[in-house]
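Reading through the structure tokens given below for one structure.
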RNA sequence: GGGCGCGUAGCUCAGUGGUAGAGCAUCUGCCUUUUAAGCAGAGGGUCGGUGGUUCGAUACCACCCGCGCUCACCA
């Protein structure tokens, strides 16, 4: 099949036709033509696009070409374009062409372009897995033989984007969401910064890192699992609010909500605490919903969600107590284990009160948090970088945002007491010694930074991929990442 | 990593212990308002890979590769 197309390419070239042109100026596009069409007005247009459907008939032909905004029909007649028509007969579905012509409406009422000049822009050598569309009695578009192999769609996203236009829409929305978020953060006076991806120590989250090696320094480096510790160093340095939108990397399993590399937004604002941050998150999400979607009510996987403030606030400890009757802060480890077992958790590999509490929470409470909610005040052992609660013993000033039973953000009043921070790191080191692979590393330079003094600071992390999933109603993270991680195949 | 399922033409899929089929796509011819264009004809497959059972395997068995669902893991 590819050979046949190469033969066509040779034939076109022998006629002096450029098969990979250099440029083409356009004056319109498929959508604009349809939007601005007025009956009986022959408007001159120049458009370019990929041939997606072809109906060649002797001395006249119809085709649909597709550009970024959709498809439009073109009409070509031998009488009009002479020898270009002969060349057109050597063109295929998949070829990219530029056409000049005037708009009109066919007998059957389809707005089309009557071509007066045809230019081949790119000859396509590989056949597209093209599908066909029909319209049923109720006006629904029925797609036949759609390119549907999930594996191939991810591996060859370029093909997916050509033949499944709704895929493009999700990624356009993704871009608009990050763009709206960035604008909102900038409008609030915060500075977008970049910090190291290659780090000699990893930190800021509980996760296993990817390890790499720097040859010249002959040293191990880690791909960051979070931006946190560097951004807080910048707050020490005196910036009045910094944020970073970038990839983090975690060396863990992959599933519908986890990709080894994913996009995180982290924000640190001095002189603020987690209460302030909660309302800031509400405002930011509201802003994105309104600016990108013009609404606050969404449906996600059958669940109705309204992002309008004010989100529910739920104390983690109180929520568990209400549900199970156990106050997990005061309970001993045995009570926690019994509670967890009663809920059906497999606790054979869970050690320590904090992790048990976390497990109980994820089983008993998390799935019920459908409407946007903040879960507040976490056990101190789970949060080595968060500040102790000003009133409640044993917990930190931390919240996580949950929507549709999924975590979408994590934030706290940042721990800025270097002596306490040192203690927390030491505690994490003990966990590590006891076999917790994800315990935090000790970062002495970070402690040194805190010793110079970091103002009281509120910090936030939002998983962009998961936020985009929620707002675009996608249930797999792979559908909001252009090139999700796949196993290598040697072919 | 465990369990279940899947892998047949470019795409979507049927199929059988006797060496493979459909529609669309492709190619040839006809066709100047078609639209899943039409009509007439044609080509196209190491049936995911490697072994095994068998006279004979795409089918049965084992292993491997890849994918999906799910569980585990995972702030």
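In my numbering, the protein residues as written are 150 to 640.
We put the beta carbon where it would ideally sit given N, CA and C, even for glycine.
Please name the residue, chosen from the options, that lies closest to residue i on a Cα-to-Cα basis.
{"i": "residue 274", "options": "282, 153, 214 and 217", "result": "153"}
{"i": "residue 252", "options": "405, 170, 214 and 189", "result": "189"}
{"i": "residue 279", "options": "268, 469 and 199", "result": "199"}
{"i": "residue 373", "options": "173, 538 and 355", "result": "355"}
{"i": "residue 379", "options": "408, 402, 401 and 348", "result": "348"}
{"i": "residue 377", "options": "298, 458 and 610", "result": "610"}
{"i": "residue 207", "options": "244, 237 and 197", "result": "237"}
{"i": "residue 313", "options": "201, 549, 400 and 507", "result": "201"}
{"i": "residue 343", "options": "297, 416, 316 and 352", "result": "416"}
{"i": "residue 536", "options": "617, 261 and 421", "result": "421"}
{"i": "residue 359", "options": "324, 394 and 401", "result": "401"}
{"i": "residue 220", "options": "473, 311, 173 and 209", "result": "311"}
{"i": "residue 533", "options": "429, 353, 213 and 261", "result": "353"}
{"i": "residue 426", "options": "629, 608 and 505", "result": "608"}
{"i": "residue 515", "options": "484, 466 and 481", "result": "466"}
{"i": "residue 563", "options": "586, 539, 436 and 469", "result": "539"}
{"i": "residue 392", "options": "432, 365, 399 and 335", "result": "335"}
{"i": "residue 580", "options": "627, 499, 159 and 173", "result": "499"}
{"i": "residue 604", "options": "387, 196, 459 and 166", "result": "387"}
Ends of the beta strand (DSSP E) at residue i?
{"i": "residue 546", "result": "544 to 552"}
{"i": "residue 202", "result": "193 to 206"}
{"i": "residue 436", "result": "Counting along the chain, residue 436 falls outside any beta strand (DSSP E), though it belongs to the alpha helix (DSSP H) covering 423 to 437."}
{"i": "residue 527", "result": "522 to 528"}
{"i": "residue 461", "result": "461 to 464"}
{"i": "residue 559", "result": "555 to 562"}
{"i": "residue 532", "result": "Unbroken run through residue 532: none, as it is neither H nor E."}
{"i": "residue 210", "result": "209 to 216"}
{"i": "residue 453", "result": "452 to 455"}
{"i": "residue 449", "result": "446 to 449"}
Looking only at its chain, what residues have a beta carbon closer than 8 angstroms to the beta carbon of residue i, apart from the 5 residues adjacent to it on each side?
{"i": "residue 100", "result": "One cannot answer for residue 100 here, as it falls past the ends of the chain, which runs 150 to 640."}
{"i": "residue 632", "result": "303 and 306"}
{"i": "residue 362", "result": "368, 369 and 370"}
{"i": "residue 396", "result": "346, 410, 411, 412 and 413"}
{"i": "residue 641", "result": "Given that the chain is displayed from residue 150 to residue 640, the structure contains no residue 641 and the question cannot be resolved."}
{"i": "residue 170", "result": "247, 268, 269, 270 and 271"}
{"i": "residue 162", "result": "168"}
{"i": "residue 259", "result": "222"}
So, for residue i: in the same chain, excluding its five sequence neighbours on each side, which residues have a beta-carbon less than 7 angstroms away from its beta-carbon?
{"i": "residue 151", "result": "274 and 275"}
{"i": "residue 191", "result": "251, 252 and 253"}
{"i": "residue 452", "result": "519 and 553"}
{"i": "residue 338", "result": "389 and 390"}
{"i": "residue 464", "result": "525 and 526"}
{"i": "residue 531", "result": "503 and 507"}
{"i": "residue 290", "result": "282 and 284"}
{"i": "residue 488", "result": "473, 475 and 509"}
Ends of the alpha helix (DSSP H) at residue i?
{"i": "residue 485", "result": "482 to 491"}
{"i": "residue 567", "result": "567 to 582"}
{"i": "residue 255", "result": "Counting along the chain, residue 255 falls outside any alpha helix (DSSP H), and DSSP gives it neither H nor E."}
{"i": "residue 308", "result": "306 to 312"}
{"i": "residue 621", "result": "613 to 621"}
{"i": "residue 162", "result": "151 to 163"}
{"i": "residue 600", "result": "593 to 601"}
{"i": "residue 179", "result": "179 to 185"}
{"i": "residue 502", "result": "502 to 513"}
With a CB to CB cut of under 6 angstroms and the five nearest residues on each side skipped, what residues in its chain are close to residue i?
{"i": "residue 218", "result": "178, 179 and 180"}
{"i": "residue 440", "result": "329"}
{"i": "residue 292", "result": "280 and 282"}
{"i": "residue 322", "result": "621"}
{"i": "residue 295", "result": "280"}
Around the Cβ of residue i, are there at least 16 other Cβ atoms within 10 angstroms (buried) or fewer (exposed)?
{"i": "residue 288", "result": "exposed"}
{"i": "residue 286", "result": "exposed"}
{"i": "residue 640", "result": "With a pLDDT of 44 at residue 640, under the threshold of 50, the modelled position of this residue cannot be trusted; read the value that follows with caution. Flag for residue 640 reads exposed."}
{"i": "residue 577", "result": "buried"}
{"i": "residue 541", "result": "exposed"}
{"i": "residue 561", "result": "buried"}
{"i": "residue 164", "result": "exposed"}
{"i": "residue 284", "result": "exposed"}
{"i": "residue 210", "result": "buried"}
{"i": "residue 653", "result": "Residue 653 lies beyond the stretch modelled for the chain, which goes from 150 to 640, so this question has no answer here."}
{"i": "residue 547", "result": "buried"}
{"i": "residue 234", "result": "buried"}
{"i": "residue 351", "result": "buried"}
Problem - Length at least 4, wholly inside the segment 331 to 392: the alpha helix (DSSP H) runs in chain order - result: 377 to 385
Handout entry: Every unbroken beta strand (DSSP E) inside the segment 394 to 423 [3 residues or more]
Key = 410 to 419
Practice task
Scan the segment 223 to 297 and note each continuous beta strand (DSSP E) run of 3 residues or more that stays entirely inside, going in chain order.
Solution key: Here the runs fully enclosed are 245 to 254, 260 to 271, 281 to 284 and 290 to 293.
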